[in-house]
Amino acid sequence: MLGPDAYATLAILAVLFILLIISRLPVWVIFVGALTCAMTFGLASPDALLKGFSNPPGVLSVAVLFMVAYGMYSTGGAIIIIVDTLLGFPHTINQAFTRILFPIAGGSAFLNNTPPLIAMMIPVIRDITRNLGLPASRFYIPLSFASILGGGATTLIGTSTNLIIAGLVTDYLAPGTSGGPALQEIGMFTPTPVGLPVALIGIVFIILTAPLSPPGKNRTDQCKNHSRQTL
969 MLGPDAYATL
979 AILAVLFILL
989 IISRLPVWVI
999 FVGALTCAMT
1009 FGLASPDALL
1019 KGFSNPPGVL
1029 SVAVLFMVAY
1039 GMYSTGGAII
1049 IIVDTLLGFP
1059 HTINQAFTRI
1069 LFPIAGGSAF
1079 LNNTPPLIAM
1089 MIPVIRDITR
1099 NLGLPASRFY
1109 IPLSFASILG
1119 GGATTLIGTS
1129 TNLIIAGLVT
1139 DYLAPGTSGG
1149 PALQEIGMFT
1159 PTPVGLPVAL
1169 IGIVFIILTA
1179 PLSPPGKNRT
1189 DQCKNHSRQT
1199 L
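Numbered according to our numbering, the sequence shown spans residues 969 to 1199.
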């Protein structure tokens, strides 16, 4: 039977998820608030609650990735010029998906997925879709999936989740623990033999099926149509 501490923990988690969904507070404020409540009510020892912050492979690597993302934001103009030069301006939707998704998957394997790459590609997609006369909304979900496939599945640093798992494995194998021969430390390219084929198959599937999706309209197109109807 669950005790009072278990019910208190469930209540804190429930409030945390509700605030993440309906609140406009920064995510870090909500998580720090939940952590503070758990420490205040003594639901676990401070060492156990703060253990995640002492995970060197996870926390430090994510911090470095945020610095890389900020640098790419600061040089956004130069990055866009480089991307435009590499991708060019495709003439068909299949050509556009091929030129965009594979480089994004490759880049996200060595950078954190969303902050630098997805934000950087939004103006590039805007220019390409204007050239093709297509709604940009058709490209956003395939772009996100390609980033997830390339980063989350192929390398250690492609996503922070892999770094957290690597840190847990390192802790499990630390001297004095019960780690056995069934596990070994996760290296940079440990996920690649499985993740790379999966990423390639997934991207090819997206390229073949995404053009068949219904042509949605982005907000800019809706505003233009509304203006024409008003005139």
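Every residue, glycine too, gets a C-beta built ideally from N, C-alpha and C. Model, not experiment: these values are computed from the prediction.
Residue i and residue j closer than 7 Å at C-beta
i       : j       : result
Gly1087 : Gly1118 : The question names Gly, but residue 1087 is Ala in the sequence shown. No, Cβ-Cβ distance for Ala1087 and Gly1118 is not below 7 Å.
Thr1122 : Gly1163 : yes
Ile998  : Leu1011 : no
Leu1085 : Gly1074 : no
Residue i burial status per 10 Å Cβ neighbour count (16 or more: buried)
i       : result
Pro1110 : buried
Pro1159 : buried
Phe1107 : buried
Ile1068 : buried
Met1089 : buried
Thr1127 : buried
Ala974  : exposed
Arg1196 : Model confidence at Arg1196 stands at a pLDDT of 42, short of 50, so the residue's coordinates are unreliable; what they give is reported in the following sentence. Label assigned to Arg1196: exposed.
Val1172 : exposed
Gly971  : exposed
Val1092 : buried
Leu1151 : exposed
Phe1157 : exposed
Leu1079 : buried
Leu993  : exposed
Leu1055 : buried
Distance between beta carbons of residue j and residue i, contact taken as under 8 Å
i       : j       : result
Leu1131 : Leu1124 : 7 Å
Leu963  : Ala1002 : Because the chain in this structure spans residues 969 to 1199, residue 963 falls outside the shown range and cannot be described.
Phe1009 : Ala976  : 6 Å
Thr1061 : Leu1100 : It is worth fixing the name first, because residue 1061 is Ile in this sequence and not Thr. Indeed they touch by this definition, with Cβ atoms about 6 Å apart.
Ile1096 : Phe1057 : 6 Å
Ser1115 : Ile1072 : 6 Å
Of the residues the options, the one placed nearest residue i, counting alpha carbons only
i       : options                              : result
Thr1004 : Pro972, Ile980, Leu993 and Ala1077   : Ile980
Pro1179 : Tyr975, Ala1104 and Leu1017          : Ala1104
Phe1113 : Tyr975, Thr1008, Ile1175 and Arg992  : Ile1175
Ile1154 : Gly1135, Val995 and Thr1066          : Gly1135
Arg1098 : His1059, Ile989, Thr1066 and Leu1079 : His1059
Ser1181 : Thr1138, Arg1094, Leu1102 and Leu978 : Leu1102
Thr935  : Phe1065, Arg1094 and Ala1077         : Outside the displayed range of the chain (969 to 1199) lies residue 935, so it cannot be described from this structure.
Ala1006 : Val1137, Leu978 and Arg1094          : Leu978
Ala1077 : Arg1094, Lys1019 and Gly1120         : Gly1120
Task: Minimum length 4: unbroken alpha helix (DSSP H) runs contained in the segment 1118-1185 - done: You should have 1128-1140 and 1160-1177.
Task: Residue ranges of each alpha helix (DSSP H) within the segment 1049-1073, 4 or longer - done: With a minimum length of 4 residues, no continuous alpha helix (DSSP H) run stays inside the segment 1049-1073.
Task: Segments assigned alpha helix (DSSP H), at least 4 residues, entirely inside the segment 986-1027 - done: Taking only runs of at least 4 residues, the alpha helix (DSSP H) segments lying wholly in the segment 986-1027 are 995-1008 and 1014-1017.
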